[in-house]
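Everything below concerns the one structure shown next.
Protein chains in written order, with the working numbering: chain A, 1 to 253; chain B, 254 to 620.
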């Protein structure tokens, strides 16, 4: 069974001074799954994500990503993962093509691979005409789609998306999700954090973090059933209420 | 290797496409050479004056008393032979000397140009030219007073500058300016460009990638090393063409020492960026931490010897102090490594310590 797990955490914890940002979280993500990582701002989802991609060392607990331990084998993980954050979508003063080439080079692709994949990527996104435009000239939605494709350029086994769709219009968001499904269909595991509760419904499974702990974990329909609500939005609000926060995965009212 | 090349290319694009900053980088050294070349002046007092008066008489004594009355001069020696001057200057006891012609009084009386020689130590050219100007003013004052009684009387001073005959303060400020410009480009620009990547979040993308931290650092700073190097060459050429600043020593040694100093400054830039997370804070840090000390404590503008003891001690940890000394010695005195190995060793040590510290600081950020 473990062979099919892309991500595996056990009691993963991160403490900053007196503040426990991530408090003993344990969850698994299966290969090829689209896993939604939800939580209010400050709930600890970004801290957890940073530990998984090797930007932050865990205080205690363990995690394996693509079969490698995040503490002892962090270098091995890097080739197997892609990462895209909401804050950064490529270098604005480089052209589309230069950005693709830069990341191709950073991930050790050969010139030939870079050339082939650049053309394929541009064709798939319909960006051929914009190949030599500066990224700063592109609309935000285009940039996000491009950034996602660049994060997949080296064909990682797992891609981490940190709020990739914030500030993007609904139509582009829909197109973005089509790209995510395409990647998942090709066998890439996707871990995505998001604010948008409607996006949570698109995920195979979701976890909702509350105050550093996982408050709920399961498929969207399971969670709605478990909490007796119509939407993930209501599940989220129920969890966020202080009296409900303690009862992680607790029984419906 | 391709990864590193890609990074280097990217950084080069960043530099070349940010036209406004690029323009500043290029124009700043050019303008500063001109501003400092013409604007720096230093006031002096208590000038140590030596007098060579082979035939003291009423005329020479009258001029001598004018010097003592001026308040700026302190007479340290009165000699009858000009040979005595050499050792006075070499021991630094005299800063300036008046050498009267033996026929000074006689020429005055006969209406011929009365000759004297004004010798000034211009090793420190700002002080030198100021001292020389004071003395000339005193002599001219005396001449005017004589002319009031006997029109046509003339004093013909012959002016000599020792050690730095052209008296150009540019000779002295150019090495300091090189240090200053290298500090701006290496420390400030590096700190800003690294924190910019932190601000935008692109640093995360690089850290998540298989790039090793040293590759990220080299990829970020190597282009600035190149820019710094080009600036140094530019300043030397401009100083040579516009101000005729000499370059008596080895150009290769000067450039090698410059690269060493650039490495020290780059490490400081990395260190600053590791401790800050916004471009604005990084800029303040670089200004206070590197640019001000380079301006004020390197001997660039204020001579280190005339600083209070405390500041003299503090100046030892300012890398620019050592570089300015080395660059001045190579350019103005033409000396080689056999005289400068101590200072060079200090710079090498600083470079090694700072590079280690900055790479470590960069690593720590991952925690």
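The beta-carbon is built from N, C-alpha and C at its ideal position, and this holds for glycine as well.
| task | Return the residues of the segment 47-66 of chain A that lie within a Cβ-Cβ distance of less than 8 angstroms from chain B, sorted by chain order. | result | 53, 54, 55, 56, 57
| query | Between residue 476 of chain B and chain A, is there a C-beta pair that is closer than 7 angstroms? | reply | no
| Taking the alpha-carbon positions, what's the residue 420 of chain B to residue 387 of chain B distance? | Confidence at residue 420 of chain B is low in this model, with a pLDDT of 47, below 50, so its placement is unreliable and no value can be given for it.
| task | Look at the alpha carbon of residue 492 of chain B and the alpha carbon of residue 288 of chain B, and state the distance between them as a whole number of angstroms. | result | 12 angstroms
| task | Counting only runs of 3+ residues fully inside the segment 128-212 of chain A, write out the beta strand (DSSP E) ranges in chain order. | result | 158-162, 189-194, 205-210
| message | Along the chain, where does the alpha helix (DSSP H) containing residue 472 of chain B start, and where does it finish? | response | 466-496
| query | Smallest Cα separation from residue 123 of chain A: which of A:97, A:27, A:19? | reply | A:97
| task | Below 8 angstroms CB to CB, which residues in the same chain sit around residue 113 of chain A once its five sequence neighbours on both sides are set aside? | result | 104
| According to DSSP, which residues form a beta bridge with residue 25 of chain A? | A:12
| request: Would you tell me roughly how many angstroms separate the C-alpha atoms of residue 603 of chain B and residue 542 of chain B, rounded to the nearest one? | output: 15 angstroms
| request: Output yes if chain A places a C-beta closer than 7 angstroms to the C-beta of residue 458 of chain B; else output no. | output: yes
| request: With DSSP as the reference, label residue 118 of chain A as helix, strand or coil. | output: helix
| Does any C-beta atom of chain A lie closer than 7 angstroms to the C-beta of residue 462 of chain B? | yes
| task | Could you spell out where the alpha helix (DSSP H) holding residue 105 of chain A opens and where it closes? | result | 96-106
| Does DSSP classify residue 462 of chain B as helix, strand or coil? | coil
| What is the DSSP secondary structure of residue 431 of chain B, counted as helix, strand or coil? | helix
| message | At the level of alpha carbons, what is the spacing between residue 321 of chain B and residue 366 of chain B? | response | 24 angstroms
| task | Using DSSP bridges, identify the partner residues of residue 374 of chain B. | result | B:415
| the segment 224-243 of chain A: positions lying closer than 9 angstroms to chain B by Cβ | none
| Excluding five sequence neighbours on each side, which residues of the same chain lie with their C-beta closer than 6 angstroms to the C-beta of residue 84 of chain A? | 147, 148, 151, 161, 164
| query | For residue 257 of chain B, does the three-state DSSP call read helix, strand or coil? | reply | helix
| said: Suppose the cutoff is 7 angstroms on Cβ atoms and the five residues either side in sequence are ignored; what does the same chain contact list for residue 599 of chain B look like? | reply: 575
| field | Chain-ordered chain A contacts of residue 267 of chain B [CB-CB under 7 angstroms] | value | 93
| task | List in chain order: all unbroken alpha helix (DSSP H) runs of 4+ residues lying wholly within the segment 316-383 of chain B. | result | 337-343, 357-363
| Hey, residue 350 of chain B and residue 329 of chain B: beta-carbon distance below 7 angstroms or not? | no
| In or out: residue 12 of chain A buried (at least 16 other Cβ within 10 Å) or exposed? | buried
| Per DSSP, residue 302 of chain B is paired with what? | B:328, B:349
| task | Can you give me the start and stop residues for the beta strand (DSSP E) that residue 84 of chain A sits inside? | result | 81-85
| Cβ shell of residue 549 of chain B (< 7 angstroms), same chain only, five flanking positions each side left out | 555
| field | Residues of the segment 110-129 of chain A with Cβ closer than 7 angstroms to any Cβ of chain B, in chain order | value | none
| field | Contact the segment 31-45 of chain A vs the segment 201-208 of chain A: 3+ CB pairs below 8 angstroms | value | yes
| Can you tell me the Cα-Cα spacing of residue 396 of chain B and residue 582 of chain B, whole angstroms? | 40 angstroms
| request: Go ahead and pull the three-state DSSP assignment for residue 225 of chain A. | output: helix
| Which same chain residues, not among the five before or five after residue 86 of chain A, have their C-beta less than 7 angstroms away from its C-beta? | 162, 163, 164, 166
| query | Shortest alpha-carbon distance to residue 523 of chain B belongs to which of B:454, B:448, B:568? | reply | B:448
| query | Residues bridged to residue 63 of chain A by DSSP? | reply | A:9
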